[in-house]
Each structure stands twice: as structure tokens, then as C-alpha cells.
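Take a look at the structure set out below.
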Amino acid sequence: MADYYTPTVVDPVIPVSAILPIEAMFLSQVFDEDVENGIAYYFSEDGASDLIFFDPKEVREALDAADHASSRLVAKLLDEHGDAIQGDEEFELDMAGDLWPDVLQDIVRRAPDLQDLTVTMAFTCSKMRPDGFGGLAMLITASTIRSESTHTLFDRFYKDARASGEFGHCDS
Numbered sequence: 025m026a027d028y029y030t031p032t033v034v035d036p037v038i039p040v041s042a043i044l045p046i047e048a049m050f051l052s053q054v055f056d057e058d059v060e061n062g063i064a065y066y067f068s069e070d071g072a073s074d075l076i077f078f079d080p081k082e083v084r085e086a087l088d089a090a091d092h093a094s095s096r097l098v099a100k101l102l103d104e105h106g107d108a109i110q111g112d113e114e115f116e117l118d119m120a121g122d123l124w125p126d127v128l129q130d131i132v133r134r135a136p137d138l139q140d141l142t143v144t145m146a147f148t149c150s151k152m153r154p155d156g157f158g159g160l161a162m163l164i165t166a167s168t169i170r171s172e173s174t175h176t177l178f179d180r181f182y183k184d185a186r187a188s189g190e191f192g193h194c195d196s
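All residue numbers for the sequence shown refer to my numbering, where the first residue is 25 and numbers rise by one.
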């Protein structure tokens with residue numbers, strides 16, 4: 025059986041002051057983190073987590089600690105998990121992989137000294153399988169999130185090569 029990995033790096037480091045407490049809780053479960061001297065570095069050796077768990081008491085404390093009007097994470101939690109937040113039982117947030125780019129973008133929007141973040145992912149596999157290798161690059165600015173995988177890049181290469189006639193037949 026093959027094991028698939030997605031080592032991931034978020035660059036540059038992020039000032040902790042730009043991260044809302046609820047976002048810090050979220051990002052620390054989605055990624056591994058190193059926090060030193062007021063900056064946070066997010067990365068993952070295996071890939072970002074899609075399923076994370078929240079303690080409702082900790083969520084309530086984090087929500088009380090800051091103005092969170094600019095956070096799509098807060099909106100999602102309140103809309104989809106409002107009852108769970110008021111309860112006592114741990115609850116899960118599935119598909120966090122669809123949300124973390126938005127959380128990072130919200131941070132870029134709030135941080136005056138942070139113009140963008142890049143996310144670099146490598147797709148690797150424990151066996152030499154063609155579907156187990158590649159990568160993805162993401163650029164997150166205040167106004168947009170752009171990403172492209174090596175697979176879509178190859179698709180573009182092939183389209184351009186066909187359009188330019190590079191795949192013409194050779195007569196021998």
C-alpha cells in the first residue's frame with residue numbers, strides 16, 4: 025500500500041498580532057506551527073489537516089478576546105456550529121482544507137505589513153507511482169487567491185504545444 029504526503033510551507037512568517045485567537049486555534053490544528061518572538065511559522069510534513077476539533081469553552085474565550093468581524097472562520101463557526109459553541113461537547117470542523125486559504129487571506133487583509141502569503145505544497149508518495157508526485161503553488165493576497173498544481177501546468181504546456189504544432193509527425 026502506498027502512503028501519500030503533502031509537505032506544505034506557508035511563507036513568510038506571520039506576525040502573531042495579525043492573527044485572531046480563533047484563527048490561531050484553527051491554524052494550529054490545520055498545520056504544524058512554530059511561534060517565536062511574536063511571529064508564527066506554519067508548515068506541515070504530511071499535509072494540512074482536513075478534520076479538526078474544537079473545545080466549545082476555548083472557542084467562546086477566543087471569540088470574546090477580539091473583534092472578529094473580518095473573519096470568515098468566525099462566520100462559518102457561528103453559522104454552522106452556533107449550538108455546539110454554546111454547548112459543552114467537543115465538536116469537529118470537517119473540510120478545513122477548503123477554509124484555511126480564506127483564513128490566511130483574512131490575515132493578509134488585516135496585516136498592514138503583510139502584502140501576501142505563498143503556500144508551497146509537494147505531492148510525494150512512499151512508492152514510485154505517477155499519481156503520487158507533483159506539487160501546488162498558491163499566492164494569497166488581500167484581493168485574490170491564485171493556485172496552480174503541476175498537473176494543471178502540464179495541461180497548459182500540452183495545450184500550448186498542440187497550438188504551436190510541436191506535436192507534428194516526423195516522416196522517416
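Glycine included, C-beta positions come from ideal geometry on N, C-alpha and C.
Since we're looking at a predicted model, the values are computed, not measured.
Problem - S95 classed as buried or exposed, judged by whether at least 16 other C-beta atoms fall within 10 angstroms - result: By the Cβ neighbour-count rule, S95 is buried, with 16 or more other Cβ atoms within 10 Å of its own.
Exercise for the section: Could you tell me whether the Cβ atoms of V34 and F50 are closer together than 8 Å? Expected result: Taking 8 Å as the Cβ cut-off, V34 and F50 do not qualify as a contacting pair.
Practice task
Counting only the same chain and skipping the five closest in sequence on each side, list residues whose C-beta sits under 7 Å from that of F67.
Solution key: Contacts found: T32, V33, V34, F55 and D56.
Problem - Nearest-angstrom Cβ-Cβ length linking S171 and G158, presumed shorter than 8 Å - result: So it is not a contact: roughly 13 Å between Cβ atoms.
Practice task
Please go through the same chain and pick out, in chain order, the residues whose beta-carbon is closer than 7 Å to the beta-carbon of A42, but skip the five residues on each side of it.
Solution key: The beta carbon of A42 lies closer than 7 Å to those of I131, R134, A135 and L138 in the same chain, with the five residues before and after it left out.
Problem - Spatially closest choice to A30 from T168, F147 and S188, by CA coordinates - result: The displayed chain sequence assigns Thr, not Ala, to residue 30. Measuring from the Cα of T30, the nearest candidate turns out to be F147.
Problem - Reduced DSSP secondary structure (H/G/I, E/B, other) of T174 - result: Here T174 sits in helix by DSSP.
Exercise for the section: Flag this pair as yes or no: are the beta carbons of A99 and I46 separated by less than 8 Å? Expected result: The answer is no: Cβ separation not under 8 Å.
Practice task
Return helix, strand or coil for V59, following the three-state DSSP convention.
Solution key: V59 carries a strand assignment under DSSP once its states are collapsed to helix, strand and coil.
Practice task
Please name the residue in F77, L102, L163 and E60 whose C-alpha comes closest to that of V37.
Solution key: Among F77, L102, L163 and E60, the Cα nearest to that of V37 belongs to E60.
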